[in-house]
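Numbering (my numbering), first residue to last: 46 to 318. C-beta atoms are modelled at their ideal positions from N, C-alpha and C, and glycine is treated no differently. Treat the numbers as computed from the prediction; the structure is a model and nothing was measured. To start, the structure itself, in structure tokens.
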């Protein structure tokens, strides 16, 4: 493999590793709290529906869920803010599907409302979690020229709608824009692919056991298509958030994307050595 390619791949992998250590990265996630209809208490006290770290006040107020609307009702004197703006009284919180989701802070603890199907939850980050520095780093298979494969594009117009669920059981509908046909280690593969806004394809591939890879599947984005073919660089396969935290809501691979071969390329899984 030429040195320019290896240098570019190494820089990308370094960037991916550095991203895990950022203040509001996946390693900083400290909770995923599903909201019940009505009042959901907010604070560090035992039994709070949305549990903040112990250094936070015992009671900061409550989140009220009414249908599809979440409203913050702060406790008197609670030092909360939406982004940089202090919270002054009852405030609607916009979920992660909104054009501008509400980022709720207590000091450096950040929260956002998630909408997953018909359910709502609060995702909470704590930049002071020791996992940010103590968790294993990303590890990678050695770069392999055979892992850059050319795939034949079988386009689906209109996209094929595939019912699915995420790992917490929320129903999803995947819009499969293409099937990508390629061979790896002499084995034919034909996974599903979704289309990105920039014209590339996004895939979630689950390979056969024994590879030292994350068992829930890995992501990869293609290069830009050239006619009816496209390059997939499997050296750039990377783990989903669920490989690093129990507080993510990752998708699962479609049946077509469960491959009959172990791909010894891309990101490994630290727990598998």
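### Query
Is it right to say residue 46 is buried, meaning 16 or more other beta carbons lie within 10 angstroms of its own, or is it exposed?
So residue 46 ends up on the exposed side.
### beta strand (DSSP E) segments (min. 3 residues) lying fully within the stretch 52-95
74-79 and 83-88
### Message
Going by beta-carbon coordinates alone, are residue 279 and residue 263 separated by less than 7 Å?
### Response
no
### Length of the line joining the Cα atoms of residue 236 and residue 130
46 Å
### Message
Along the chain, where does the alpha helix (DSSP H) containing residue 179 start, and where does it finish?
### Response
176-179
### Message
DSSP has residue 385 in a bridge; who is on the other side?
### Response
For the chain, the structure presents residues 46 to 318; residue 385 sits outside this window and is missing.
### Query
CA-CA distance, residue 258 and residue 314?
About 5 Å.
### Message
What does the alpha-carbon distance come out to for the pair residue 225 and residue 140?
### Response
34 Å
### Query
Taking the alpha carbon of residue 85 as the point to measure from, which residue in 76, 77 and 95 has its own alpha carbon closest?
95
### Task
Identify every run of the beta strand (DSSP E) within the stretch 91-149, keeping only runs that are complete inside it and at least 3 residues long; order them along the chain.
Taking only runs of at least 3 residues, the beta strand (DSSP E) segments lying wholly in the stretch 91-149 are 106-111, 114-119, 125-127 and 136-138.
### Message
To the nearest angstrom, how far is the alpha carbon of residue 215 from that of residue 296?
### Response
Rounded to the nearest whole angstrom, the C-alpha separation of residue 215 and residue 296 is 9 Å.
### Query
Exposed or buried, residue 143, counting other C-beta atoms within 10 Å across all chains shown (16 or more means buried)?
Classification of residue 143: exposed, given that the 10 Å Cβ count is below 16.
### Message
Any contact between the stretch 268-286 and the stretch 182-202? By contact I mean 3 or more CB pairs, one from each, below 8 Å.
### Response
Yes, the stretch 268-286 touches the stretch 182-202.
### Counterpart residues of residue 321 in DSSP-defined beta bridges
In the structure displayed, the chain extends from 46 to 318; residue 321 sits before or after that span and is not available.
### Query
What's the C-alpha gap between residue 185 and residue 285?
14 Å
### Task
Using the DSSP secondary-structure output, state which residues sit across from residue 303 in a beta bridge.
251
### Query
What separation, rounded to the nearest whole angstrom, lies between the Cα atoms of residue 288 and residue 238?
21 Å
#### Entry: Cα-Cα separation between residue 243 and residue 72, rounded to whole angstroms
28 Å
### Query
From which residue to which residue does the beta strand (DSSP E) around residue 289 run?
No beta strand (DSSP E) contains residue 289, which DSSP labels as neither H nor E.
### Query
Which one or two residues does DSSP pair with residue 274 in a beta bridge?
197 and 271
### Query
Candidates 188, 210 and 234: which alpha carbon is nearest residue 199's?
234
### Query
Terminal residues of the continuous beta strand (DSSP E) containing residue 279?
Taken as a continuous stretch (DSSP letters only), residue 279 belongs to no beta strand (DSSP E), as it is neither H nor E.
### Message
Suppose you measure from the CA of residue 292 to the CA of residue 161; what does that come to, to the nearest Å?
### Response
13 Å
### Task
Please list, in chain order, all residues of the same chain as residue 181 whose beta carbon is under 6 Å from its beta carbon, the five residues on each side excluded.
315
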